[in-house]
Each structure stands twice: as structure tokens, then as C-alpha cells.
């Protein structure tokens with residue numbers, strides 16, 4: 013009797029579960045489409061039918077992965093956090109000086125040398141907050157990650173207060189962009205970032 017062939021599966025998903033490459037790819041396309049719409053037009057443009065069309069899936073296919081708009085935005089939030097964690101690990105791991113490496117990685121992953129957000133995360137978070145609301149239970153993961161990041165800052169092999177100051181300064185510049193506050197002029201911002209970086213090497 014011929015045995016049915018088991019479909020090849022991708023087992024590289026962080027959760028450890030084997031998910032077919034096709035299903036995983038559809039999920040990423042949906043998240044990419046939702047992120048593009050949220051960044052371009054804000055929460056009002058995040059219409060599930062439109063997201064599904066942009067991702068090349070049916071609305072039913074979208075709902076298979078994300079049962080609601082809230083679940084979809086929560087998925088965007090989780091992916092944003094995972095990307096930030098990956099950046100932190102990559103940058104800190106490639107730093108030749110272990111002491112302060114994670115603090116420097118946090119600074120570089122959060123803001124550029126010009127003091128602007130290092131990626132589109134501030135704009136994306138603004139859209140997430142506008143969609144979910146600041147009291148959403150989904151944002152608890154953000155709070156937990158934030159606490160864990162700052163705990164690692166304090167255990168980075170340099171003065172704990174110094175590491176905390178650098179982390180809070182990076183957070184402040186990032187939050188300024190999220191809130192649309194007037195940015196520092198480029199020259200001042202570069203001096204601030206340079207000073208913060210030097211603090212991690214003292």
C-alpha cells in the first residue's frame with residue numbers, strides 16, 4: 013500500500029511548531045500589507061478587505077490568521093518587538109567591547125546619529141496606539157519587553173545609572189517622534205548621540 017507523502021514543512025518558526033511555508037508566507041504578506049496601509053494612511057486605511065487584496069489572499073484567508081482588526085494590529089505590534097529584539101542581539105553580538113555593548117545596541121537600534129527613530133517603529137506605534145487604544149491588553153507585551161530591555165541595560169557591565177540614562181535618552185528621542193514634538197537640530201542631535209555613546213565606554 014502506497015504511503016501518503018507528508019508535505020514538506022518549514023520548522024524554523026520561533027515557536028518551534030512546524031508551519032507550512034505557504035501558510036507562513038501568507039501571514040507575512042498580510043502583516044506587510046497591513047503595515048504599509050497603517051503607515052501610509054493611518055488606522056482609517058486599515059480595512060480588512062483592502063489588506064487582504066493587497067496581500068493577495070481572500071478575506072477568509074486573512075481571518076484564518078487574524079480573527080479581527082485588533083488581532084491583526086496586535087500581530088503587527090508583536091512583529092515590531094521581535095524585529096527590535098533581533099536588531100539588539102545582532103548589534104550587541106557584533107560589538108568588540110562586551111562592556112556596554114547592549115546599551116550601545118539599544119541606542120543604535122532606537123535612534124540614528126541624527127537623533128531620529130532608527131526605523132519606522134515610532135510611526136507604526138502611533139498607528140497601533142490609535143487603533144488599539146492605550147489601555148489595550150495587547151500592549152501589555154510592549155510593557156513587558158520594555159521592562160526586560162531596561163533590566164538588561166542595568167546588567168550590561170557598565171555603571172547602572174549611566175546605562176539607564178542612555179536608555180532613557182534614547183526612549184525620549186523616539187517618543188518625541190511618536191508624539192510629533194519638534195526635533196533637535198541635526199548638529200545638536202549628533203552631539204547628543206555622540207555623548208551618549210561615549211558614556212557607555214567610560
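Residue numbers (this note's numbering): 13 to 214.
Even for Gly, the Cβ is constructed at its ideal location relative to N, Cα and C.
Buried or exposed by the 16-neighbour rule on C-beta atoms within 10 Å, applied to residue i
| i | result |
| --- | --- |
| residue 200 | exposed |
| residue 191 | exposed |
| residue 178 | buried |
Nearest-angstrom Cβ-Cβ length linking residue i and residue j, presumed shorter than 8 angstroms
| i | j | result |
| --- | --- | --- |
| residue 136 | residue 47 | 7 angstroms |
Under 7 angstroms between C-beta atoms of residue i and residue j
| i | j | result |
| --- | --- | --- |
| residue 168 | residue 124 | no |
| residue 104 | residue 120 | no |
| residue 51 | residue 87 | no |
| residue 92 | residue 148 | no |
| residue 67 | residue 45 | yes |
| residue 1 | residue 208 | In this structure the chain extends from 13 to 214, so residue 1 is not present and cannot be described. |
| residue 127 | residue 75 | no |
| residue 140 | residue 85 | yes |
Pairwise C-alpha distance: residue j and residue i
| i | j | result |
| --- | --- | --- |
| residue 204 | residue 60 | 42 angstroms |
| residue 138 | residue 146 | 10 angstroms |
| residue 62 | residue 37 | 18 angstroms |
| residue 176 | residue 112 | 11 angstroms |
| residue 157 | residue 164 | 11 angstroms |
| residue 65 | residue 202 | 42 angstroms |
| residue 144 | residue 187 | 18 angstroms |
| residue 150 | residue 161 | 18 angstroms |
heavy atom of the ligand NAP below 6 angstroms from residue i C-beta
| i | result |
| --- | --- |
| residue 214 | For the structure depicted, the ligand NAP is absent and the ligand set is empty, with no information on it obtainable. |
Interface flag, residue i vs chain D, CB-CB below 7 angstroms
| i | result |
| --- | --- |
| residue 195 | Of the protein chains in the structure, only one exists, and it is not chain D. |
Which ranges would you report for the alpha helix (DSSP H) in the stretch 29–69 if only whole runs of at least 4 residues count?
33–53 and 60–67
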